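These notes concern the structure reproduced below.
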Amino acid sequence: MASQSQIHQLHFLLVPLMSQSHLIPFTEMAKLLAHHGVKVTMIFTPLNAARFNTVLEEAKAANLNIEFVSLRFPGPEAGLPEGCVPWTTEIGLKFKIPRLVFYTTSCFCQIGLNSLRARYLKEREKVRMIPTLL
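With positions in the sequence shown counted from 1, the corresponding number in the working numbering is that position plus 216.
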């Protein structure tokens, strides 16, 4: 039977976008979470697991509670681009699991994009240039 501490241990499942700009920061985030006693599982494609083997081995050498799972995503067969993981939203909703999004773009860029989306959806105006950035 599981102990009380095992029942209540937080477990993060990290599903990064399969690019270097996401995999390395996600691995660092996994180490940080695990250092604070959180169980972490990271999902990789077989190709990225091989490509980032050094980064993964360093994380394993830290002797933290991190598990790396190599999983083939059938993106092209499902009509999706390679590395696209839209299924995380539906699974999170179905099982009432919180879903967090990790952005590697700057805050200014995110604020600008969110503002444009909100304005476009409300007013259907054309996109305007920000004069000070030209």
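Even for Gly, the Cβ is constructed at its ideal location relative to N, Cα and C. All figures in this text were calculated on a predicted structure; none of them were measured in a lab.
Asked, Found
"How many Å lie between residue 308 and residue 276 at the Cα?", "27 Å"
"Please identify the residue among 312, 273, 288 and 226 whose C-alpha is closest to the C-alpha of residue 263.", "288"
"In whole angstroms, give me the CA-to-CA distance for residue 325 and residue 281.", "34 Å"
"How about residue 256 and residue 250: are their beta carbons less than 8 Å apart?", "yes"
"For the candidate residues 237, 304, 227 and 286, whose alpha-carbon lies nearest to that of residue 252?", "227"
"Give the list of continuous beta strand (DSSP E) stretches no shorter than 3 residues that lie fully inside the segment 226-272.", "227-230 and 255-260"
"Quick one: Cα of residue 270 to Cα of residue 254, how far?", "22 Å"
"In whole angstroms, give me the CA-to-CA distance for residue 248 and residue 332.", "34 Å"
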